[in-house]
Each structure stands twice: as structure tokens, then as C-alpha cells.
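Quick notes on the structure that follows.
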Amino acid sequence: MPSKAKTGKKLVIVESPAKSKTIAKYLGEGFIVEASIGHIRDLPQPSELPAELKKTSVGKFAVDIDHDFKPYYVVSADKKKKVTELKAALKDADELYLATDGDREGEAIAWHLLEVLKPKVPVYRMTFGEITKEAIQRAMGNLRDVDTALVDAQETRRVLDRLYGYEISPVLWRKVARGLSAGRVQSVVTRMVVDRERERMAFKAASYWDLTGQFGADAGSFKAKLAAVDGAKVASGRDFNDDGVLTSKNVAHLNEELAASLAAGLQDASFTVRSVDTKPYTRRPAAPFTTSTLQQEAGRKLRFSSKSTMQVAQRLYENGYITYMRTDSSALSDEALTAARRQASELYGPEYIPQSPRVYTGKAANAQEAHEAIRPAGDSFRTPAQVAKQLSGDEFRLYELIWKRTVASQMADAKGSTATIRLGAVAADGRDAEFSASGTVITFPGFLAAYEEGKDETRGDDDSDDARRLPNVAKGDALTASEILAVGHETSPPPRYTEASLTAELEKRGIGRPSTYASTISTIQDRGYVRKQGSALVPSWIAFSVIRLLEQHFSDYVDYEFTADMEGDLDKIANGQAVGASWLRHFYFGEDSDPGLLSIVNNLGEIDAREINSIPITDEITLRVGKFGPYLESSAATVDPKTGEIVESPRANVPEDLAPDELTAAKAIELMETAAPEERVLGTDPHTGHTVVAKNGRYGAYVTEVIPEMTEEQIAAQPVEYYKNGKPKPPKKPVKAKPRTGSLFKSMTVESVTLDEALQLMSLPRALGEDAEGNLITVQNGRFGPYLKKGTDSRSIGSEEEIFTITLDQALEIYSQPKQRGARAAVPPLAEFGPDPVSEKNIVLKEGRFGPYITDGITNITVPRATSLEELTREQAVELLAEKRAKGPVKRTATRKAPAKKKATAKK
Numbered sequence: 031m032p033s034k035a036k037t038g039k040k041l042v043i044v045e046s047p048a049k050s051k052t053i054a055k056y057l058g059e060g061f062i063v064e065a066s067i068g069h070i071r072d073l074p075q076p077s078e079l080p081a082e083l084k085k086t087s088v089g090k091f092a093v094d095i096d097h098d099f100k101p102y103y104v105v106s107a108d109k110k111k112k113v114t115e116l117k118a119a120l121k122d123a124d125e126l127y128l129a130t131d132g133d134r135e136g137e138a139i140a141w142h143l144l145e146v147l148k149p150k151v152p153v154y155r156m157t158f159g160e161i162t163k164e165a166i167q168r169a170m171g172n173l174r175d176v177d178t179a180l181v182d183a184q185e186t187r188r189v190l191d192r193l194y195g196y197e198i199s200p201v202l203w204r205k206v207a208r209g210l211s212a213g214r215v216q217s218v219v220t221r222m223v224v225d226r227e228r229e230r231m232a233f234k235a236a237s238y239w240d241l242t243g244q245f246g247a248d249a250g251s252f253k254a255k256l257a258a259v260d261g262a263k264v265a266s267g268r269d270f271n272d273d274g275v276l277t278s279k280n281v282a283h284l285n286e287e288l289a290a291s292l293a294a295g296l297q298d299a300s301f302t303v304r305s306v307d308t309k310p311y312t313r314r315p316a317a318p319f320t321t322s323t324l325q326q327e328a329g330r331k332l333r334f335s336s337k338s339t340m341q342v343a344q345r346l347y348e349n350g351y352i353t354y355m356r357t358d359s360s361a362l363s364d365e366a367l368t369a370a371r372r373q374a375s376e377l378y379g380p381e382y383i384p385q386s387p388r389v390y391t392g393k394a395a396n397a398q399e400a401h402e403a404i405r406p407a408g409d410s411f412r413t414p415a416q417v418a419k420q421l422s423g424d425e426f427r428l429y430e431l432i433w434k435r436t437v438a439s440q441m442a443d444a445k446g447s448t449a450t451i452r453l454g455a456v457a458a459d460g461r462d463a464e465f466s467a468s469g470t471v472i473t474f475p476g477f478l479a480a481y482e483e484g485k486d487e488t489r490g491d492d493d494s495d496d497a498r499r500l501p502n503v504a505k506g507d508a509l510t511a512s513e514i515l516a517v518g519h520e521t522s523p524p525p526r527y528t529e530a531s532l533t534a535e536l537e538k539r540g541i542g543r544p545s546t547y548a549s550t551i552s553t554i555q556d557r558g559y560v561r562k563q564g565s566a567l568v569p570s571w572i573a574f575s576v577i578r579l580l581e582q583h584f585s586d587y588v589d590y591e592f593t594a595d596m597e598g599d600l601d602k603i604a605n606g607q608a609v610g611a612s613w614l615r616h617f618y619f620g621e622d623s624d625p626g627l628l629s630i631v632n633n634l635g636e637i638d639a640r641e642i643n644s645i646p647i648t649d650e651i652t653l654r655v656g657k658f659g660p661y662l663e664s665s666a667a668t669v670d671p672k673t674g675e676i677v678e679s680p681r682a683n684v685p686e687d688l689a690p691d692e693l694t695a696a697k698a699i700e701l702m703e704t705a706a707p708e709e710r711v712l713g714t715d716p717h718t719g720h721t722v723v724a725k726n727g728r729y730g731a732y733v734t735e736v737i738p739e740m741t742e743e744q745i746a747a748q749p750v751e752y753y754k755n756g757k758p759k760p761p762k763k764p765v766k767a768k769p770r771t772g773s774l775f776k777s778m779t780v781e782s783v784t785l786d787e788a789l790q791l792m793s794l795p796r797a798l799g800e801d802a803e804g805n806l807i808t809v810q811n812g813r814f815g816p817y818l819k820k821g822t823d824s825r826s827i828g829s830e831e832e833i834f835t836i837t838l839d840q841a842l843e844i845y846s847q848p849k850q851r852g853a854r855a856a857v858p859p860l861a862e863f864g865p866d867p868v869s870e871k872n873i874v875l876k877e878g879r880f881g882p883y884i885t886d887g888i889t890n891i892t893v894p895r896a897t898s899l900e901e902l903t904r905e906q907a908v909e910l911l912a913e914k915r916a917k918g919p920v921k922r923t924a925t926r927k928a929p930a931k932k933k934a935t936a937k938k
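Per the numbering used here, residue 31 is the first one in the sequence shown, and the count goes up by one each step.
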């Protein structure tokens, strides 16, 4: 066959349409840039496998566990059209350039494209850390083949996650609740949040006291704090353990009485300066951003979630504003070093840059240095002012943060001095009291002129030096004292993780990859394992049950060191130092005395589900994690005062917004004492003879009828059915009748509702009659209030009480009016949070058709199920709106009608 004529066209494939548009500007004529829109194929669900594979070694995971764990890939249904388009484009091309991202994921996408497209033209792998003209030109000069080691590493991770999830998740379904999931990193991150809450629950506060005073000299006044009594250091929060026990030796532990008497004894004392110590102060700038530190700092300074940060960063990268945003490296290229130093010198002066460039290396466990740090794109940086009009609010704020951090990283140290003054006096009762004051004065701001790194909440006393200038005093100078006060303190429990501090801890421990932290933290919230309370991450009670089961029966798989070591092994595969199939074989099947996952799952033994889902709160009260949420149960025998019989253990629901560490013994007793009755018998329905009860349910109070089950005699008395051979069939288990139910009106309670009211509620919907066309009109109560219904036409009515009083004529009158949309009286917002920092519009919380939502009048976002409305803060509202804006507008596919077929014209 004759060879294909050359067209001169070169096909370049990237992941995203945005990236394709940007790169196309720099490649010039002859290049066609297409986007694969992420992965084009993946592992299917085992249920989707061909019938002939379901009973083979592939059937359980869509991975052939008997043949080197070879995955069975399929092109995703929504990508078949895209694959067809790429194949058509390839037919007209003389060369193929795979320009997906340079990490494991991007390398795997490139490999899958090769496998599916099967090109017969030269293929080149092309990678770049930023989308600029200079970077694209450099990439064209450094073409390579697909890195099979990186592909093996990504494929190993994908298979590993399938094995882990598909073996362990079903155990959670059986013993905790349906729909739960376990994950290699997800479960370990959940354990970290649960462990921190356990520490807070076990924590016992200790109290301690000290003194503060205002002291004056000729040069000015300053505030100081009691440091020592009779030469012994005054106890502070750091001197106590989490059991409230003083662990430091030779310290003075002041209680309220001792502190108050010392303060009184110092009111007329003569204070003098005992020492003045001055030390030089030097502070170095922080390194340029990695993926992890960007997420942390955006969380602290911009209140972005990790997920929102990565979405905005992705857009900045794809549109050519920053370098690749998934990186463990804090190093800068020579071009970037030159650009940062030049810009710092131009903006702040030549004295603000050191003599030689600063070089940074990674400090995190398992860090990889494959990419450059996250920085502004280009061999010369655009200032925030230069790009402000081209970016959205969130994009600008993140770009500005990255620009400041990058420039500051190449600036000079901040310099100054720290002075510590020790002063003292002898109290009236003879005790010697020594106070201390410290202050730092910056004499040369250096990098602080551009940027200062944020900090997470820490424990203990705030002993940080204030950026204040102390008066110029000398040893022996007399001081005047005023406002000497005794101040009480309590030790604080370990602070809960925020997204920023959790990300920092994950990186420090080497758990997971920074590129996946955002999705992992988002997943544990979506699964209901963790919710946000302000910016703090609070675990749910179901997370306690899940982690308890995993710790008892899959201890290695939620062990921090084991997970970090596993990450190191996967990095070895990426570096070509190990083979994925061999590693997976050892992980799943085990070796010698080291059992694999399969052996552990097959030898679990009996798991006591009740014990797994129970947490003792007091000697008599236990928290249970049930099908419909957590509740308290008392083991104390409850006796019916009428019959003297022991009745079912009393229970109480646990409020959804109550954090686990807030469920103290006292709170549990209070909830048990104030719990509304779960069920109250109202009487018997005179028409059916069924008992009618009122109940408190998960979704509110309601009434229902109790339909008794058929007795064995009644079942046996049913007509006998026979098989074709004449033998009688066994009695059928009767179909359980569905009881009538009805939600209580807002004006009703379980304690107050009557039998007559219950019978009325259970009779709904109420038929009013028919209109002139014979359409039945009914009235009923719904989620959004009482309404009329005629076919598919619904109309709201005033109050719930009208349900039983409205007449057919009144209903017909309502239907005679045009249907009004949005004409109802405006409902006041549930809460207001002030102006949004981006849109400057007022943020409000409203009740909508599909649940509560937050809006600034421009952007709407539904409140996540895991977020308590009562605990919703302004910071959370701003963050949720920012995350929604970061996703951009929802793209709606226009539905095109097919043109009408032309009628065939008969030939004459």
C-alpha cells in the first residue's frame, strides 16, 4: 500500500481545554492542539465487566490478581466520543506530541493515549512546568519518551486503592453502616482527626495564676509579667501534662489565693531593674510555595479550603500565570531566581536583596524534587497590578500571594534586636517577685517589606516577643508600679486540626502526596466522617466507630508509619527501583510471616458490631452509633410505675452540632434527663382497632399506627397453594402492611398531640372534590408548607391549620387566579454574615427549595450536609462562596433539535 502523504500537521494532546487554548498561542502554525479532558479510560466497576470475565481472577476487582495484577481498563462511556475525535485528528497528523502534565497522573494519561490511539507516526513526550512562550520553546528542545516507571507507579497506586477499598469497605458496611468507605490515605487522615478529638476528650484542665503589672521609668512605661517567685520559675501552661498534672520540677505553682496575696503585697513595693539583655534579631524568609505550603497559607491568609485553593491554582496555571501547582519542590530555576531578585531590587531597592541567590531544599518526609516551586510564570514576573484586570477576585488574591512569597524568598533577612528586661521587688510578706518583659524592634525589614508567613494555632502561653520598643533603662534603675493584678489561667486542650494544620502534619509525616491532600480532606467531609466547625475539623461519631474497627482489625492499614513507608515504596517504583506487580503481590498475598491483606480479611473472626459502635460516657450511659445516627442509652433499669415491670432502656438523641469532646458526663446526664419520650401511645383507631402512637424521629415528630404482625396460627390458616406436582407450598411470609403516618404540625409536640389530631394527620391528603373538568383537588402538608394539588398543578395555602378547614370553593377560587411565582411574602434570611470580601455584597443564609443555602446575591452555594447551621460562621460562608466561584459557572449543554425531515417528493 502506498504510504500516507505528509500533511505537515503536528497533533499535540493536553489534558484540559483551557490549557490547549493557552499553549496553542505559542506553538505557531502546523500544530493542532486537542484536549483529552483528563483520563480517557479507567478500571470499570466489577459489575460492568463482560460476563465471561466475572468468574475469573479479574472478576473481583477488574484487576487480574493471578497474573501480575494486570488492570482491565475500559474507555469511559463519556470519553468514547473524545477518543473518536482524537483518532480522527491523528489521521491527518505526521507527528504526535503528548503534552500532559509531568507528574505520575499526567504520565499515565499520556500512556493511556498511546495504548488507545495506537499511533503509526513518531510520538514525542513533551513536558513543561509553566505555559509561557519560553517554557514551550525549551520543552520542544527536550522531548523524550513516556516514562514507564512513572506509569507503573501510578498504576500501582490505582490498583492498590482498588484492593484496599474493595476488601475493607464491605467490612464497614456489615459492622458499622452501609455506604461507608475505607481508603489508603483517607482512613489514616480520618484517624488523625479522631485521635486529636480523643486527646481533647481525655484532656483535664489545670488552673494556674500569675501577675501582670504596668511599670514606668523616665523613658516610658511598659507591661511585664511575673516570671519567678523566690527564684523559682512561675508555672505556666507548658508545665502541665494533658492529665492536668504539674510535671516540671522546681517551679512555683500559684493558686488564686497565693497570687492575690502576692499582688496585694507588691502594691507599695519598690521595683528596680535587675538586668537588661539585648540580643540581635535575624529572621529569614520562607521558601517559595510547594503544593502543601500553598494550601496551608491560602487557608490561613485567604480562608480558602484546600480544594478551592487547588481549583484556583489550576486555572492560573492553565492560563499561563503560574508554574505547575502540584510539586514537592521549593527550588527555583535560574531564570526565576534572576526574575525574583531583579523585581525585589526594582521595587524595594538593591539593599533588599542578598549578595547571592537563596537556595531552598525540601524538608518534608518523602519529598520529591521533580518540579520547580510554585511561582509566577515567565522569565520575568508580572506584578499583581499588571494582571489585576485579567483575573477574577479569587485568582488575583492567590496570584498576589504566590508573587509576594516568591519575591520575598529572594530578599534579605529582616534584622533588629530583642531586649529582655528583668525587674523585681520584695513583697510585704517577704516573697521576692521577679517580672519580665520582652520586645523586638525591627531595624531593617528586609523580606518583611514584601511578605510575612502566617501561623497556625498553638498550645501553651503566648510568650512570643511583641514587636514593640521597650524604654531605655539600665540595671539598678528605679521603676514605678501600677495595676499589679492577679490573673487566672487554664491549660488548653490540643487545638483541633484546620485544613492548613492537617495538611502540614500530613506532609511532616510523609502520608500521601501533597497533590492529593485537597481531594482527601474534601472526601472525608463528603463521607460524613468530618465536619467543619468554624475552620476546625470535627470528627463525627461514625468516624469513631470506623476508626475503632480499623484499629482493632486492620491496625497496619491505619498506622501512620506503615502508611508513610508505603508511600516511600511507591516512590521507589516511580524511580525505577522497584516493580509494581511484585510489590502488589506482597501487599495482597503476603509473604512468609508477613500476612497480606487477603489473609487478614479472610481471618477476621467474629466482630462484635455493638461493641464497635459503643463508647462509654459514664458508668451507666453509653453512646451508640445507630442506623439513624448517634444516641445515648442508659443501662440503669427503668421501672414502669404502673405495672412495676422493667421497661426498655431509656434513650436520648445526641444533637448533630454537639462535638464529641463536648459530650461530657454532665452533658450526657442532662440530655438523658431532658430527652423527650421516643414514643407516646395516643389510643386506638376506632375504625381499624390499631394502636396510634406519636414518635420523635430523625426528621422530626410524627404519628403512626402500629399494625400487628400475623400470628403463626393466622399464617397457617391462609389458603394453601400447590406446586405443579401437587405438593403444597410452604406458607408465604405475609407482606408487611405499610402503616399510615403523618408529620406533626409546627404547633404540635409528641407530648401534646391528641388521638383525634393524629387520626386527622394520618388521613391526609384530604380530598376536597373535583373541578368542572373532573380533576380531583387535594390538600396536604409538604416540606415547604401546606399546599393544594390538582394533577401536576400545586398551589401554596396560608397555614397548616387551613388543611382541615379549606373548602372546595376556596380551592377553586385559588386555582382561578394566575399562578404566581415568587409573589409570596419575602422570607427573612436565617442569618446574615456581612459583606463578601470579593463581591462586597451582603452574605445571607436562606432556606431554599433544596435546603439551606448561602448567597451574596450573585453566587449561591448549598450548605454541606456535614455543616451545622447553628455553628456556621462568617469565615465558612466566605470560604464556601469562594469555592463555588472557583469552580466557575455550570456549563449547560444546549439541546439541539434535529432538523425536520423533508418529505420525499414523488417523481413525476
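Positions of the beta carbon are idealized from the N, C-alpha and C atoms, including for glycine.
With at least 16 other beta carbons inside 10 angstroms of its own, R134 counts as buried.
The beta carbon of V588 is closer than 8 Å to those of S217, V218, R221, I577, L580, E581 in its chain, skipping five residues each way along the sequence.
Taking a C-beta distance under 8 Å as the contact criterion, S66 and L180 do not qualify as a contact pair.
With respect to the C-alpha of R372, the residue from S359, D409, A361, V389 having the closest C-alpha is D409. With the rule of 3 Cβ pairs closer than 8 Å, the stretch 332-343 counts as touching the stretch 544-554.
The C-alpha of E125 is placed about 42 Å away from the C-alpha of T593.
Bridge pairing for D823: K820 [DSSP]. Contact between A705 and A183 is absent: CB atoms are separated by about 54 Å, not below the 8 Å threshold.
When C-alpha distances from A258 are compared across A463, I95, A165, the shortest belongs to A463. In the DSSP annotation of this structure, the continuous segment of the beta strand (DSSP E) that includes V517 starts and ends at 508-520.
Take the alpha-carbon of E513 and the one of S300: they are about 14 Å apart.
For S278, the three-state secondary structure derived from DSSP is coil.
Contact annotation: L276 and L256 have beta-carbon atoms that are not nearer than 8 Å.
CA-CA distance, S826 to G881, rounds to 18 Å.
Note: E862 is bridge-paired with V874 in the DSSP secondary-structure output. With 16 or more neighbouring CB atoms inside 10 Å of its own CB, V44 falls in the buried class. If only complete runs of 3 or more residues are kept, the stretch 152-206 shows the beta strand (DSSP E) at 153-155, in order along the chain. Nearest Cα to S665 within the set E650, V655, G656: E650. The straight-line gap separating the alpha-carbon atoms of N172 and I630 is approximately 47 Å. By the criterion of at least three beta-carbon pairs nearer than 8 Å, the stretch 156-171 is not in contact with the stretch 552-559. The count of Cβ pairs closer than 8 Å, one atom from the stretch 779-786 and one from the stretch 723-741, reaches three, so the stretches are in contact. Taking the C-beta atoms as reference points, L818 is found nearer than 8 Å to I844. A467 is bridged by DSSP to I451. When rounded, the separation of the alpha-carbon atoms in A48 and E425 is 15 Å.
For K337, the enclosing alpha helix (DSSP H) stretches over residues 336-348. For V215, there is no enclosing alpha helix (DSSP H), as DSSP marks it with neither H nor E.
DSSP places L910 within a helical segment (H, G or I) once states are collapsed to three.
Taking C-alpha positions only, I642 is separated from T86 by approximately 35 Å. Setting aside the 5 residues that flank it on each side, E800 is surrounded in the same chain by L806, each with a C-beta closer than 6 Å to its C-beta; the list follows chain order.
Taking C-alpha positions only, V303 is separated from K253 by approximately 13 Å. Contact between G350 and A407 holds: CB atoms are separated by about 6 Å, below the 8 Å threshold.
Within the same chain, T37, K39 come within 7 Å of D122 by CB-CB distance, once the 5 residues on both sides are set aside.
Pairing K914 with I891 gives a Cβ-Cβ distance under 8 Å. For the stretch 729-766, the full-length alpha helix (DSSP H) segments reaching 4 residues or more read 742-746 along the chain. Here S360 is not near A328, since their CB atoms are 8 Å or more apart.
Here E686 carries a coil assignment [DSSP, helix/strand/coil].
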